[in-house]
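Encoded as structure tokens, the structure appears first; notes follow it.
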Amino acid sequence: MVRVGVIGTGVMGVNHIRIYHEMEGVELVGISDIDEERVKELSRKYGTEPFTDYKRLLRKDLDAISIVVPTKLHKQVCLDALEAGANVLVEKPIADTPENADIMIQAAKNAGKALMIGHIERFNPAVIKLKEIIDAGLLGKIVSMSTRRVGAYNPRIRDVGVILDIGVHDIDIISYLYGLKVNKVHAIAGANIHPFEDHASIHLRFDHNQTGLVDTNWLTPHKIRNLTAVGIKSVAYLDYINQTLELHDEKWIREAKVDKAEPLRNELEHFIKCVSTGEMIHCNGEDGKHALEACMAAIDSYKQEKTIQL
Numbered sequence: 001m002v003r004v005g006v007i008g009t010g011v012m013g014v015n016h017i018r019i020y021h022e023m024e025g026v027e028l029v030g031i032s033d034i035d036e037e038r039v040k041e042l043s044r045k046y047g048t049e050p051f052t053d054y055k056r057l058l059r060k061d062l063d064a065i066s067i068v069v070p071t072k073l074h075k076q077v078c079l080d081a082l083e084a085g086a087n088v089l090v091e092k093p094i095a096d097t098p099e100n101a102d103i104m105i106q107a108a109k110n111a112g113k114a115l116m117i118g119h120i121e122r123f124n125p126a127v128i129k130l131k132e133i134i135d136a137g138l139l140g141k142i143v144s145m146s147t148r149r150v151g152a153y154n155p156r157i158r159d160v161g162v163i164l165d166i167g168v169h170d171i172d173i174i175s176y177l178y179g180l181k182v183n184k185v186h187a188i189a190g191a192n193i194h195p196f197e198d199h200a201s202i203h204l205r206f207d208h209n210q211t212g213l214v215d216t217n218w219l220t221p222h223k224i225r226n227l228t229a230v231g232i233k234s235v236a237y238l239d240y241i242n243q244t245l246e247l248h249d250e251k252w253i254r255e256a257k258v259d260k261a262e263p264l265r266n267e268l269e270h271f272i273k274c275v276s277t278g279e280m281i282h283c284n285g286e287d288g289k290h291a292l293e294a295c296m297a298a299i300d301s302y303k304q305e306k307t308i309q310l
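Residue 289 in UniProt numbering sits at position 289 of the sequence shown; the count goes up by one each step and never skips.
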């Protein structure tokens, strides 16, 4: 049995707790949150032990821990977990600054433990299928990708703007699908209903004249999550929510066969498998750091009104 814990019982944390509770070969040893009433209620529901001090949970000889706390707390909680001997999954973004990300990455290396970053869309079955199709060359050379990730504002998000909260998903996915790192970023953004930016258009440049465009906001009353990949042979249209993928060329419109599944469950199963077998983590600290750096470049770009080179 892999002994796991969860630190943070917000909306995303509860989903981590639920899935670990349901997974075979996993013992949910405990959960932690500063909200004593909430953590006790959830511990009763999922048959585990509650902690208001996460350091007490870390003393329980854990093999793995999910860290689902506000971004500014990621570094310290991660360092404490690694010191306690646990393999770590940190929700995106990896940290509040690239410098703190570096500290976390180095600490994991020093401890000989896995550090995985929760970029959940990498585990979306439609994205997995699109990656297979791109790598097989069915679209030809990809020249551009564009995404739209919009929806209503959630008042619980107060510590970051829309770029770091949801735009980071598509920045990571475009980079992942290309198999390349972003080298230049130009963004236009603004704040209307939030202390930080609540809408942004982000232009990403990669080597080989390949580009990405991320359109994101908290102003649209309904949720849209999609991606278009334009290749010289065919164009792919992906819907993250419905987990569908269509390929269009001059002769055919084809729908790819996608085996639908819950992305977070895929992600946590991968994490536990890597902890159990030593298999390489699919989305490691370096990947998380790159996505963070591109987001920070986008924020600098719109504030300084210029292109930022990474």
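For glycine and all other residues, C-beta sits at the position ideal for the given N, C-alpha and C.
As assigned by DSSP and simplified to three states, the class of residue i
i           : result
residue 194 : coil
residue 237 : strand
residue 255 : strand
residue 298 : helix
residue 51  : strand
residue 5   : strand
residue 311 : Nothing in the structure corresponds to residue 311, since the chain is present only between 1 and 310.
residue 222 : strand
residue 136 : coil
residue 304 : helix
Identity of the residue in the options nearest residue i by Cα
i           : options               : result
residue 8   : 249, 91 and 183       : 91
residue 109 : 79, 245 and 163       : 79
residue 169 : 190, 118 and 45       : 118
residue 283 : 276, 277, 268 and 295 : 268
residue 194 : 165, 19, 215 and 252  : 165
residue 167 : 212, 192 and 155      : 212
residue 176 : 299, 135 and 103      : 135
residue 203 : 223, 182 and 197      : 182
residue 44  : 3, 11 and 17          : 17
residue 68  : 111, 116, 46 and 102  : 116
residue 130 : 291, 234 and 286      : 234
residue 137 : 5, 229, 55 and 63     : 229
residue 64  : 148, 95, 20 and 107   : 20
residue 317 : 218, 200 and 247      : Because the chain spans 1 through 310 in this model, residue 317 falls outside it and cannot be assessed.
residue 123 : 289, 262 and 224      : 262
residue 219 : 49, 192 and 180       : 192
residue 190 : 161, 184 and 293      : 161
Cross-strand partners of residue i (DSSP beta bridge)
i           : result
residue 215 : 148 and 201
residue 184 : 205 and 309
residue 164 : In DSSP, residue 164 forms no bridge with anything.
residue 285 : In the DSSP output, where bridge partners are listed per residue, residue 285 has none listed.
residue 227 : 147 and 238
residue 189 : 200
Enclosing alpha helix (DSSP H) for residue i [first to last residue]
i           : result
residue 168 : 168-178
residue 13  : 11-22
residue 266 : 263-277
residue 260 : Here residue 260 belongs to no alpha helix (DSSP H), and DSSP marks it neither H nor E.
residue 40  : 36-46
Range of the contiguous beta strand (DSSP E) that encloses residue i
i           : result
residue 158 : It is not in any beta strand (DSSP E) - residue 158 carries neither H nor E in the DSSP assignment.
residue 246 : 244-248
residue 30  : 26-32
Segments of 3+ residues assigned as beta strand (DSSP E) that fall wholly inside the segment 56-127: 64-67, 87-91 and 115-118
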